[in-house]
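**Student:** A single structure is presented below for examination.
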Amino acid sequence: MKAAVITFPGSNCDRDLAVAFEAAGAEVVRVWHKDTDLPAGVDVVGVPGGFSFGDYLRCGAIAARSPIAGAMIRHAERGGYVLGICNGFQVLTETGLLPGALMRNAGLKFICRPVELSVATADSAFTAGWAVGDVVRFPIAHHDGNYTADPDTLARLRAEDRVAFTYLENPNGSMADIAGVLSDNRRVLGLMPHPERAVDPAQGGTDGMGMFRSLLGAMALV
Amino acid sequence: MKARVHVMLKDGVLDPQGEAVKHALGTLGFSGVAGVRQGKVIDLDLTATDAAAAEAEVRVMCEKLLANTVIEKFTVEIL
Numbered sequence: 013m014k015a016a017v018i019t020f021p022g023s024n025c026d027r028d029l030a031v032a033f034e035a036a037g038a039e040v041v042r043v044w045h046k047d048t049d050l051p052a053g054v055d056v057v058g059v060p061g062g063f064s065f066g067d068y069l070r071c072g073a074i075a076a077r078s079p080i081a082g083a084m085i086r087h088a089e090r091g092g093y094v095l096g097i098c099n100g101f102q103v104l105t106e107t108g109l110l111p112g113a114l115m116r117n118a119g120l121k122f123i124c125r126p127v128e129l130s131v132a133t134a135d136s137a138f139t140a141g142w143a144v145g146d147v148v149r150f151p152i153a154h155h156d157g158n159y160t161a162d163p164d165t166l167a168r169l170r171a172e173d174r175v176a177f178t179y180l181e182n183p184n185g186s187m188a189d190i191a192g193v194l195s196d197n198r199r200v201l202g203l204m205p206h207p208e209r210a211v212d213p214a215q216g217g218t219d220g221m222g223m224f225r226s227l228l229g230a231m232a233l234v
Numbered sequence: 021m022k023a024r025v026h027v028m029l030k031d032g033v034l035d036p037q038g039e040a041v042k043h044a045l046g047t048l049g050f051s052g053v054a055g056v057r058q059g060k061v062i063d064l065d066l067t068a069t070d071a072a073a074a075e076a077e078v079r080v081m082c083e084k085l086l087a088n089t090v091i092e093k094f095t096v097e098i099l
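Quick mapping for you: the protein sequence lines, in order, are chains Y and Z.
Here the first sequence is numbered in this note's numbering, starting from 13 and rising by one per residue.
Here the second sequence is numbered in this note's numbering, starting from 21 and rising by one per residue.
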């Protein structure tokens, strides 16, 4: 599997994401926000956490209009996989690849701590290694992770089994405790918690490895 | 020609920052504040000379970037 990890000005989890992909056995190429195309043969695009473009205007808004975002959108429209974590999730909602929006945390504070998540669907390449209801522990580190969508969108996400993870204890006010959602073709995942920060025992847990291994396993079958 | 864009959260979208400002005003003794909504003002300096065309273009800018129409609404004023 070949993964492309994007770096925007202000990204700060890009290296961690690359290390996590590599630890799972993927070949990683790093791409820059000004690149207009992805390298040939990329299977999955990783959109990392951080503060792209200083969170100016809205979190992820400027990154979502960058040249590499155009290439990422074309990749997704071809049926390619995309994983957006934290700021990456915000970027994906800003591009419209994922529905809804991430608003300021209900408690207005930046929250940085491990949280427990329930796997809400195993029907995706990202979550196929788990069973529905499995509990995983990933760190969160965000100020704007309050998932918001209109009632019709929420109903559709539920009906189509597109909620990927929910918080056991809602830290940020997200509607329906949503921590991550899938696109309608189930190949684009955005989530606020950081699986790439839970791939080595030195990080305090390795639950995140399940996602990268699952993705590689799905690729091996393609 | 100048344009002014107001971006506000749509009605019904909870505004945690507005709620915090409302709470702080209450703490300062302003008991008559029933609600606070916080938004953005964006001023644009345009080279266009035709007001109608400028307004139409700024509206496209709002749809494409300046507002996130999932949660925000906007108004455009040509000054």
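Here a beta-carbon is modelled for each residue, glycine too, at the ideal position from N, C-alpha and C.
Among Y:Ile18, Y:Pro21, Y:Asp28, which residue has its Cα nearest to the Cα of Y:Thr221?
**Tutor:** One point to set straight first is that residue 221 of chain Y is Met, not Thr, in the sequence displayed. The residue with the shortest Cα to Cα distance from Y:Met221 is Y:Asp28.
**Student:** From which residue to which residue does the alpha helix (DSSP H) around Y:Ile80 run?
**Tutor:** 79-89
**Student:** At a CB-CB cut-off below 9 Å, which residues of chain Z make contact with Y:Thr160?
**Tutor:** Val33, Leu34, Val90, Ile91, listed in chain order.
**Student:** Quick check on Y:Ala30 - is its C-beta less than 7 Å from some C-beta in chain Z?
**Tutor:** No - not a single Cβ of chain Z is within 7 Å of the one on Y:Ala30.
**Student:** Note down the Cα distance separating Y:Thr240 from Y:Val94, rounded to an integer number of angstroms.
**Tutor:** Nothing about residue 240 of chain Y can be read from this structure; chain Y reaches only from 13 to 234.
**Student:** Determine contact between the stretch 192-199 of chain Y and the stretch 169-176 of chain Y, defined as no fewer than three beta-carbon pairs at a distance below 8 Å.
**Tutor:** Contact between the stretch 192-199 of chain Y and the stretch 169-176 of chain Y is present, because at least three Cβ pairs lie under 8 Å.
**Student:** Looking only at its own chain, which residues have a Cβ that is under 8 Å from the Cβ of Z:Ala71, when we skip the five neighbours before and after it?
**Tutor:** Excluding its 5 nearest sequence neighbours in each direction, Z:Ala71 has C-beta neighbours in its own chain below 8 Å: Met21, Ile98, listed in chain order.
**Student:** Given that a residue counts as buried once 16 or more other Cβ atoms are within 10 Å of its Cβ, and exposed if not, what is Y:Asn197?
**Tutor:** Per the 10 Å Cβ criterion, exposed.
**Student:** Would you mind stating whether Y:Thr107 and Y:Ala113 have Cβ atoms separated by less than 7 Å?
**Tutor:** no
**Student:** Taking only beta-carbon atoms, is Y:Leu120 less than 7 Å away from chain Z?
**Tutor:** yes
**Student:** Identify which residue in Y:Asp67, Y:Phe150, Y:Ile123 has its Cα closest to the Cα of Y:Ala217.
**Tutor:** As written in the sequence, residue 217 of chain Y is Gly, which differs from the Ala given in the question. Per the Cα distances, Y:Phe150.
**Student:** Considering only the alpha carbon of each residue, which of Z:His43, Z:Gly32, Z:Val27 lies closest to Y:Leu120?
**Tutor:** Z:His43
**Student:** What residues from the stretch 38-66 of chain Z come within 7 Å of chain Y, judged by C-beta to C-beta, listed N to C?
**Tutor:** Result list: Ala40.
**Student:** Measure from the C-beta of Y:Val191 to each C-beta in chain Z and report whether the shortest distance is under 7 Å.
**Tutor:** Residue identity differs from the one stated: residue 191 of chain Y is Ala in this sequence, not Val. False, the Cβ-Cβ gap to chain Z never drops below 7 Å.
**Student:** By Cβ distance below 6 Å, which residues in the same chain neighbour Y:Ser136 in space, the five residues on each side in sequence not counted?
**Tutor:** Leu194, Arg198
**Student:** Exposed or buried, Y:Arg86, counting other C-beta atoms within 10 Å across all chains shown (16 or more means buried)?
**Tutor:** exposed
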